Amino acid sequence: MVTPLLLRQAEAEKPSQLENRVGETNKIQCIMYSKPQIIHCLSLASNSALGLKFSSFSALQNYVQKVNTDVLGDLTCQSFIGSDWKPVWGPYVYSQDQTSSFAHADNVMSLLHSPSQNLLVIAIAGTNSVSMFGWMDEDFDVSTTKAWKDISGPSNSGAVSTGTYNGLDILLNKMPEPQTKGSSIVDALGNFLASNSDIQNAELSVAGHSLGGALSPVLALYLQNNQDQWNSKGQVTTISTYPTAGATPGTKDFADYYGNLIQDGKIDYHSEYNTFDVVPHGYQPDTIDKIPTLYSPENGGQIDSPSDANPQNPVIGMIATGLSLDAYKAGIQWGRIPGNPYRQVQPWTALANCAFNQDTDNEVQKKLAFVSPLILPPGLQDYSDTFKETVRYLYQALTQHTTEYNRLLDIEGFMNRYNTIRSNDKPSSSQEVDLAAEMVKRATGVDLTNLPQANEVKTV
Numbered sequence: 024m025v026t027p028l029l030l031r032q033a034e035a036e037k038p039s040q041l042e043n044r045v046g047e048t049n050k051i052q053c054i055m056y057s058k059p060q061i062i063h064c065l066s067l068a069s070n071s072a073l074g075l076k077f078s079s080f081s082a083l084q085n086y087v088q089k090v091n092t093d094v095l096g097d098l099t100c101q102s103f104i105g106s107d108w109k110p111v112w113g114p115y116v117y118s119q120d121q122t123s124s125f126a127h128a129d130n131v132m133s134l135l136h137s138p139s140q141n142l143l144v145i146a147i148a149g150t151n152s153v154s155m156f157g158w159m160d161e162d163f164d165v166s167t168t169k170a171w172k173d174i175s176g177p178s179n180s181g182a183v184s185t186g187t188y189n190g191l192d193i194l195l196n197k198m199p200e201p202q203t204k205g206s207s208i209v210d211a212l213g214n215f216l217a218s219n220s221d222i223q224n225a226e227l228s229v230a231g232h233s234l235g236g237a238l239s240p241v242l243a244l245y246l247q248n249n250q251d252q253w254n255s256k257g258q259v260t261t262i263s264t265y266p267t268a269g270a271t272p273g274t275k276d277f278a279d280y281y282g283n284l285i286q287d288g289k290i291d292y293h294s295e296y297n298t299f300d301v302v303p304h305g306y307q308p309d310t311i312d313k314i315p316t317l318y319s320p321e322n323g324g325q326i327d328s329p330s331d332a333n334p335q336n337p338v339i340g341m342i343a344t345g346l347s348l349d350a351y352k353a354g355i356q357w358g359r360i361p362g363n364p365y366r367q368v369q370p371w372t373a374l375a376n377c378a379f380n381q382d383t384d385n386e387v388q389k390k391l392a393f394v395s396p397l398i399l400p401p402g403l404q405d406y407s408d409t410f411k412e413t414v415r416y417l418y419q420a421l422t423q424h425t426t427e428y429n430r431l432l433d434i435e436g437f438m439n440r441y442n443t444i445r446s447n448d449k450p451s452s453s454q455e456v457d458l459a460a461e462m463v464k465r466a467t468g469v470d471l472t473n474l475p476q477a478n479e480v481k482t483v
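Read left to right, the sequence shown gives residues 24 to 483 (our numbering).
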């Protein structure tokens, strides 16, 4: 009998150690994750292109597909998620500019199937830090909305943000690109089920993190509304969605319409978030107002308002999260949306054991110890405390939005192995962006990677 303690010990082992163990009889089945954990693993594994730039679009597409193949075929990964996952469609990459010499992913999506679990999963990647299109045209385009009745639903179904609509349109109509007849995700679903009549009473789960956390419930709703296009024989009897860390996709009326479908059992809804993650705090009014002080001592953090901010500067939190980009796009001052109509679909569940990450804060403070006003740009020299607190906020926000979910979802064993595969598969010609430094550069205009050390600065 394998005890929970033994399972946790197995997850903590190095990949090579675990590979030796999973070769033993029945070990794979003993340490498999639960269904929600498996779905979250596949969801997060769709983000292999995060922070990467490639010499060509084809190199990018090949890399994403190779990581997917290697993860599904890896013994250690199989020990957590099962050994019979196969790609049905994709993974496919959407890039607004496929001709760029620094190709990057704007969206990634795949359809996977496990016969033994009778489960289909659509995995949608989150915002790529190097994708300005993803930030501006999907995440932050919230000043206008698109009526759901004009997309799929009845007249009383509310609206989604224009950014959410832009993302959904890409998932449905532009992947793969160029899209040919019969190649869309909806067509792929229908063709796969038609070719596999033995599949009965199956579950289709749509999952994603970050941008994928906003788009996955919307795609799940679209598929529920339009089952005649892909599920005409009723082979799928459960449509579920497992979004994490998603910003609010639609209006209150949209949330109410969606909630009624959940109550009627037409969609199995499992939305979860980290209470220390900035992203899911947008754009619902009562949560967006918490962003500036999210990491303050009164909220369990350790980042005070800086002493040189006069008055105390609530904009820091908004700048730090990138919502200042929203202001450029939509004329919204620090994320306040005129007549804010946005509400999260319920149930919207806070994960257990959310906490300020002290290790991240300690590490960034070590770096900031070398930053003096003399090495900052002239406009920031009088606000060095503000700059430092902003950088601390940014690093904390990045950790809370990314790796902290591995702990909170209890999938660190899989994610450690996935990250090893992702790193090993990365071609030498690709470029990896320092995500935290990139966030600081966008928020403050300061490139931390090019700052001289304090002891290199000559004083007059």
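For every residue, glycine included, the Cβ atom is placed at its ideal position computed from N, Cα and C.
Everything numeric in this text was worked out from a predicted model, so none of it was measured.
By the criterion of at least three beta-carbon pairs nearer than 8 angstroms, the stretch 192–208 is not in contact with the stretch 218–227. When secondary structure is reduced to three states using DSSP, H293 falls in the coil class, being assigned neither helix nor strand. Beta-bridge analysis with DSSP links F77 to A126. Using a Cβ-Cβ distance cut-off of 8 angstroms, the stretch 451–466 and the stretch 101–114 are not in contact, since fewer than three pairs of beta carbons, one from each stretch, lie closer than that value.
Residue pairing for V116: DSSP places it in a beta bridge opposite V131.
Using a Cβ distance threshold of 7 angstroms, D173 and I444 do not count as a contacting pair. Straight through space, the alpha carbons of S453 and F299 are spaced by roughly 32 angstroms. Per the Cβ contact rule, the stretch 286–293 is in contact with the stretch 257–268 (3 or more Cβ pairs under 8 angstroms). Of the other Cβ atoms in all chains shown, 16 or more fall within 10 Å of the Cβ of K76; this residue is therefore buried. Our two residues, G213 and G282, have alpha carbons roughly 26 angstroms apart in a direct line. When DSSP states are grouped into helix, strand and coil, K197 belongs to the coil group.
A straight-line Cα-Cα distance of about 14 angstroms links R366 and T372. Residue state for P308 is assigned as helix, using DSSP reduced to three classes. Look at K169 here: in three-state DSSP terms it is strand. Per DSSP, the continuous beta strand (DSSP E) segment holding T264 begins and ends at 259–267. The beta-bridge partner set that DSSP reports for L143 consists of H136, L227.
For the options L234, A146, Y86, the alpha carbon positioned closest to that of S451 is the one of Y86.
Using a Cβ distance threshold of 7 angstroms, L431 and H232 do not count as a contacting pair. Put simply, the backbone Cα of E435 is about 5 angstroms away from that of N429.
Residue environment for E295: buried (at least 16 other C-beta atoms within 10 angstroms of its C-beta). For A459, the secondary structure class from DSSP, reduced to helix, strand or coil, is helix.
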